[in-house]
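Here's the structure, in structure tokens; my notes come after.
Residue numbers (the working numbering), protein chains in the order written: chain A, 1 to 294; chain B, 1 to 225.
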């Protein structure tokens with residue numbers, strides 16, 4: 001995570017396995033981008049295809065069939081589809097209990113730390129094209145340059161080893177953030193099946209980020225296809241493993257896990273959108289104003 | 001150093017989850033300053049210096065508590081409770097954590113909420129106390145936020161290198177004429193207090209605005225002693 005002592009400390013959300021264009025299928029998964037790797041040549045069912053279909057179906061249900069939750073029934077005014085979102089969250093938690101949590105537990109106990117780090121680095125590397133392009137679109141040319149350099153240098157190892165020796169922190173950028181920079185409205189809060197929380201804007205951004213997966217653009221052949229298809233599920237397991245205790249604390253001990261997840265998502269997203277580097281306060285002073293109204 | 005037997009506040013965190021998000025396995029924030037003890041100025045007139053001093057005092061007191069190796073659970077509980085009272089604006093935290101519903105709560109509800117909130121907080125810290133060993137704190141800068149708050153930044157690092165370092169922002173309330181105390185902690189852009197507030201408000205709204213519903217839910221979280 002934060003640096004791991006690595007030279008190239010990259011900013012990302014806590015517990016983030018850092019793949020800007022890969023969906024992390026977990027209810028608590030931060031906005032990570034679209035589902036990875038979907039080879040047309042591969043007709044066998046795959047987790048990636050399932051996640052993609054789940055995302056499409058979920059969005060269709062929310063936007064077309066699900067009615068908005070009346071404002072007086074919402075626990076947060078931004079959560080337009082709260083009733084439907086909570087149902088999907090419950091589904092995601094069941095999927096987590098039966099699939100992801102045991103997989104993550106096995107992963108963290110059986111995969112050596114070096115292997116886990118290599119996976120994280122690969123996922124981080126796979127997000128670099130999206131970061132470079134979106135940084136450019138937002139006028140953050142230094143960040144774009146660092147991301148490009150990181151991608152090119154570490155491309156020698158497909159990102160599994162970090163060969164750079166750069167002290168600068170690369171800020172993760174995705175197309176959702178680019179849309180925000182161009183004042184695109186945030187859209188509703190939606191809980192996606194398997195993919196986790198998104199805003200409408202972030203979800204739209206994920207679709208674009210999906211196309212920027214370097215393995216999708218540059219890769220061909222069976223091995224690359226296999227790697228691309230493995231990115232999403234492995235990324236999900238990696239993220240879940242890294243945040244195992246924290247995730248379980250929310251899942252089992254929060255008084256309202258759904259609300260806490262929503263709060264985390266908005267705060268984390270705000271931090272990314274405002275380029276809050278590690279150590280800079282995110283919380284707006286307005287949040288505390290009411291305390292002083294006597 | 002002036003260390004009251006126990007005054008270490010680990011932190012506010014109404015939610016232990018945030019701690020572990022950033023530092024897997026680390027559920028509380030207490031740091032050990034290697035060889036560093038910061039005395040609290042007798043009279044801190046500068047807003048930033050005063051806020052920094054509060055954080056430094058917290059760290060020192062936590063260190064003192066960690067050095068007491070064979071303390072009983074009851075002693076630790078008392079110590080942690082004392083730390084919270086000494087260094088954190090607990091009443092203000094309680095009020096903020098329930099958002100707009102604090103004003104509508106009866107005095108009895110407010111008192112009960114403060115009691116159960118504190119109990120859960122102390123129990124959470126106590127349950128994760130061992131995670132505090134091996135942490136080293138490096139102070140950062142202090143930034144005023146108007147005349148009411150100062151945000152003091154810092155970094156926690158694991159001296160063993162097993163856990164990644166974590167950036168922390170301490171929000172210190174510095175209103176004139178009132179004690180300068182800790183109010184909130186942000187860990188990697190996540191405010192523990194804002195998170196708790198949003199969760200609490202969600203519980204109250206799900207229960208048709210009943211403040212007592214929140215108290216009941218939190219009371220259920222108090223572990224049997």
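Think of the CB as a built atom: it goes at the ideal place given N, C-alpha and C, for glycine as much as any other residue.
Answer yes or no: do residue i and residue j have a C-beta to C-beta separation smaller than 7 Å?
i, j, result
"residue 89 of chain A", "residue 258 of chain A", "yes"
"residue 82 of chain A", "residue 97 of chain A", "no"
"residue 171 of chain B", "residue 156 of chain B", "no"
"residue 151 of chain B", "residue 159 of chain B", "no"
"residue 155 of chain A", "residue 122 of chain A", "no"
"residue 131 of chain A", "residue 173 of chain A", "yes"
"residue 90 of chain B", "residue 84 of chain B", "yes"
"residue 201 of chain B", "residue 99 of chain B", "yes"
"residue 211 of chain B", "residue 101 of chain B", "yes"
"residue 170 of chain A", "residue 147 of chain A", "yes"
"residue 237 of chain A", "residue 103 of chain A", "yes"
"residue 132 of chain B", "residue 77 of chain B", "no"
"residue 62 of chain B", "residue 215 of chain B", "no"
"residue 241 of chain A", "residue 108 of chain A", "yes"
"residue 143 of chain A", "residue 128 of chain A", "no"
"residue 153 of chain B", "residue 141 of chain B", "yes"
"residue 191 of chain A", "residue 197 of chain A", "yes"
"residue 262 of chain A", "residue 250 of chain A", "no"
What's the gap between the Cα of residue i and the Cα of residue j?
i, j, result
"residue 179 of chain B", "residue 204 of chain A", "48 Å"
"residue 76 of chain A", "residue 70 of chain B", "46 Å"
"residue 165 of chain B", "residue 72 of chain A", "42 Å"
"residue 110 of chain B", "residue 208 of chain B", "18 Å"
"residue 84 of chain A", "residue 203 of chain B", "17 Å"
"residue 99 of chain A", "residue 78 of chain A", "30 Å"
"residue 152 of chain A", "residue 110 of chain A", "31 Å"
"residue 74 of chain A", "residue 253 of chain A", "22 Å"
"residue 273 of chain A", "residue 180 of chain A", "7 Å"
"residue 213 of chain B", "residue 208 of chain A", "44 Å"
"residue 80 of chain B", "residue 67 of chain B", "14 Å"
"residue 187 of chain B", "residue 222 of chain A", "42 Å"
"residue 220 of chain A", "residue 94 of chain A", "35 Å"
"residue 218 of chain B", "residue 196 of chain B", "12 Å"
"residue 113 of chain A", "residue 120 of chain A", "11 Å"
"residue 130 of chain B", "residue 65 of chain B", "11 Å"
"residue 139 of chain B", "residue 225 of chain A", "47 Å"
"residue 245 of chain A", "residue 187 of chain A", "31 Å"
"residue 103 of chain B", "residue 136 of chain A", "48 Å"
"residue 235 of chain A", "residue 264 of chain A", "20 Å"
"residue 2 of chain B", "residue 56 of chain B", "Any reading at residue 2 of chain B is ruled out, since the residue's pLDDT is 35, under 50, leaving its predicted position unreliable."
"residue 51 of chain B", "residue 95 of chain B", "21 Å"
"residue 184 of chain B", "residue 86 of chain B", "15 Å"
"residue 59 of chain B", "residue 181 of chain B", "13 Å"
"residue 37 of chain B", "residue 206 of chain B", "Here residue 37 of chain B scores only 41 on pLDDT, less than 50, and its place in the model should not be relied on; the value that follows carries that caveat. Those two C-alpha atoms are separated by around 47 Å."
"residue 157 of chain A", "residue 233 of chain A", "20 Å"
"residue 198 of chain B", "residue 268 of chain A", "14 Å"
"residue 123 of chain B", "residue 113 of chain B", "15 Å"
Does the Cβ of residue i have 16 or more other Cβ atoms within 10 Å, making it buried, or fewer, making it exposed?
i, result
"residue 162 of chain B", "exposed"
"residue 97 of chain B", "buried"
"residue 139 of chain A", "exposed"
"residue 192 of chain B", "buried"
"residue 178 of chain A", "buried"
"residue 211 of chain A", "exposed"
"residue 106 of chain A", "exposed"
"residue 53 of chain B", "buried"
"residue 141 of chain A", "exposed"
Taking DSSP's pairing of strands, which residues face residue i in a bridge?
i, result
"residue 197 of chain A", "A:191"
"residue 157 of chain B", "B:136"
"residue 186 of chain B", "B:169 and B:191"
"residue 143 of chain B", "B:151"
"residue 206 of chain B", "Residue 206 of chain B is not bridged to any residue."
Are there any heavy atoms of the ligand ADP lying less than 6 Å away from the beta-carbon of residue i, as far as the coordinates show?
i, result
"residue 177 of chain B", "Inclusion of the ligand ADP in the displayed structure is not the case, the ligand content being empty and no account of it being possible."
| said: Just to confirm the assignment: which complete alpha helix (DSSP H) runs, minimum length 4, are found wholly within the stretch 143-186 of chain A? | reply: Within the stretch 143-186 of chain A, the complete alpha helix (DSSP H) runs of at least 4 residues are 175-181.
| task | Kindly provide the ranges of any alpha helix (DSSP H) runs that are 4 or more residues long and lie completely inside the stretch 61-135 of chain A, ordered along the chain. | result | 82-95, 101-110 and 113-126
| Completely contained alpha helix (DSSP H) runs for the stretch 51-115 of chain B, where each covers 4 or more residues | 73-87, 90-96 and 101-104
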